[in-house]
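Before any comments, here is the structure.
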Amino acid sequence: YWLNMNIAGGKKVMGGSLPGVPIIISGTNGKVTWGLTNAYINTADAAFINNLPKDEIETIRPWVWFKFGPFKLPFFFKSFSRTKSGDVILPLEIESKLPMLLRWSGFFLKGKDVPPMLKLFETQNVDEMNELLKLANFPAWNFVFADYLGDIGYRVVGNPFKQTEATPFGVTTMTYEN
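Residues 169 to 346 (our numbering) are what the sequence shown spells out, left to right.
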């Protein structure tokens, strides 16, 4: 959604945001303008696991509290399974009887990964924007930005997985290692 914010100290920022997220992902502060698209870097891997022990699986049922008049009520989501280390087990209805694990770098975000995105509106030029985006680890965006002086910048932010072995096209079958 589009928003226009007046911030303490006479700062202003306007642009597009995601509902419920206090980050302007594409916008301007009058000195710097930025936009983004998805980056196509490897931030997720999926694999069939052939020896997943039952004691490594836990069931999770996420829920969110919402207000209904004077009442605060829970909303329950569908249950799903994951490993104790946090890898999601995809609920697929397929011919293979092997479970498929999903590892996505977004599951491993840390608190330090968020503040840089909240400071985009404070940048004064392309160099400041580039330095700030070095600290962002959201999977995986291409940022393009320009300042009022005519300088242009580009940075891919994200937290890609490091490939340790060659994999064929398609989904591999792996041995479970925690």
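Every residue gets a Cβ at the ideal spot worked out from N, C-alpha and C, and that includes glycine. In this text, all values refer to a predicted model and were calculated from it rather than measured experimentally.
Comparing C-alpha distances from W233 to each of F245, K222, T227 and I225 shows the shortest one belongs to F245. Rounded to the nearest whole angstrom, the CA to CA distance from F289 to W272 is 28 Å.
CA-CA distance, G318 to N293, rounds to 10 Å.
Per DSSP, N298 lies in no beta strand (DSSP E); the unbroken alpha helix (DSSP H) holding it starts and ends at V294 to L301.
Assigned with DSSP and collapsed to three states, L288 falls in helix.
Going by beta carbons, G321 and W309 fall outside the 9 Å limit. The Cβ atoms of K180 and N197 lie closer than 9 Å to each other. For N206, the enclosing beta strand (DSSP E) covers residues V200 to N206. Rounded to whole angstroms, the separation of the alpha carbons of K252 and F275 is 13 Å. Going by C-alpha positions, M297 is about 13 Å away from G195. Rounded to whole angstroms, the Cβ separation of Y344 and I217 is 5 Å, and the two are in contact under 8 Å.
Approximately 6 Å separates the beta-carbon atoms of L269 and A215; this is inside 8 Å, confirming the contact.
DSSP links D315 through a beta bridge to V200. One alpha carbon belongs to M182, the other to V200, and they sit about 11 Å apart. Within the same chain, L300, L303 and A304 come within 6 Å of P284 by CB-CB distance, once the 5 residues on both sides are set aside.
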